[in-house]
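Novice: Keeping their order, the protein sequence lines are chains R and U. Under our numbering, think of the first position of the first sequence as 11, with each following residue one higher. Under our numbering, think of the first position of the second sequence as -19, with each following residue one higher. Positions of the beta carbon are idealized from the N, C-alpha and C atoms, including for glycine. I am attaching a structure below and will ask some questions about it afterwards.
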Amino acid sequence: DAKTTQPTSMDCAEGRAANLPCNHSTISGNEYVYWYRQIHSQGPQYIIHGLKNNETNEMASLIITEDRKSSTLILPHATLRDTAVYYCIVNTDKLIFGTGTRLQVFP
Amino acid sequence: GAVVSQHPSRVICKSGTSVKIECRSLDFQATTMFWYRQFPKKSLMLMATSNEGSKATYEQGVEKDKFLINHASLTLSTLTVTSAHPEDSSFYICSARDMGLSFRGFFGPGTRLTVL
């Protein structure tokens, strides 16, 4: 079973930051937090991952709380092409997908 | 990033026939590959974990005789849907794991199977 809880859907204006939350209160000490997104009818795309430190790459930033029970994915300047379902996954050996958050970026 | 391909991208077959789907890691070696299926407007459901040179491990409720998985090399895994029926129509997606420190997976583009 998925170990994460995410809001079902979110909206974001183009050019604004999109902040997608994820709760993973049962995370274990050696489990990473992964974020993927899936654009309609395509395979999931890797975004970012982290263990306990905040991470940033060319796509997004990942903020993990100190107790590691929740995290936030930040898309700093959302574009229409960022409209997708975003999945937060916690695991060590296999990726179990929850229901994800459907992000709609509007003009 | 690492590239994973799937073939075919779409397939339509008659009920009762078998269909083979290939998953390849193009620029890295993947000792472990994963197979998922996805129904419309639903999330991905893990079907099985495929390890190179050994038998696949199936998730609970997935019929191993129905969905045959072979992982003969470090860059190729195949999923064969045997005696396909309309209820097997779905989007099948594979993932190959980068064996770095974080075990992140890279996904193929998916194969849409339609069984008539």
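#1: Can you confirm whether Met25(U), when its beta carbon is compared against all beta carbons of chain R, has any partner nearer than 9 Å?
#2: Does the stretch 83 to 102 of chain R come into contact with the stretch 20 to 30 of chain R, if we say contact requires no fewer than three beta-carbon pairs (one atom in each stretch) closer than 8 Å?
#3: Have a look at Glu67(U) and Lys21(U) and give me their C-alpha separation to the nearest angstrom.
#4: What residues are listed by DSSP as bridge partners for Ala94(R)?
#5: If the cut-off is 9 Å on Cβ atoms, which residues from the stretch 64 to 75 of chain U count as contacting chain R, listed in chain order?
#6: Where does Leu81(U) fall in DSSP's three states?
#7: Is there a Cβ from chain R that is less than 9 Å from the Cβ of Arg17(U)?
#8: With 16 other CB atoms within 10 Å as the buried threshold, where does Phe107(R) fall?
#9: Closer than 9 Å, CB to CB, is Pro89(U) near chain R or not?
#10: Give the C-beta separation of Ser75(U) and Phe87(U) to the nearest angstrom, bearing in mind that I take them to be a contact with Cβ-Cβ under 8 Å.
#11: Do His65(U) and Val95(U) have their beta-carbon atoms positioned less than 9 Å apart in this structure?
#12: Taking the continuous beta strand (DSSP E) assigned at Ala28(R), which residues delimit it?
#13: Which chain R residues sit within Cβ distance under 9 Å of Thr29(U)?
#14: Exposed or buried, Leu77(U), counting other C-beta atoms within 10 Å across all chains shown (16 or more means buried)?
Specialist: With the given structure in hand:
#1: yes
#2: yes
#3: 16 Å
#4: Leu113(R)
#5: Phe71, Ile73, Cys74, Ser75
#6: Any reading at Leu81(U) must be qualified, since the residue scores a pLDDT of 49, below 50, and its modelled position is unreliable; the value itself is stated next. Leu81(U): coil per DSSP, three-state reduction.
#7: no
#8: buried
#9: yes
#10: 5 Å
#11: yes
#12: 28 to 33
#13: Asp103, Lys104
#14: In the sequence as presented, Leu is not what sits at residue 77(U); that position holds Arg. Label assigned to Arg77(U): buried.
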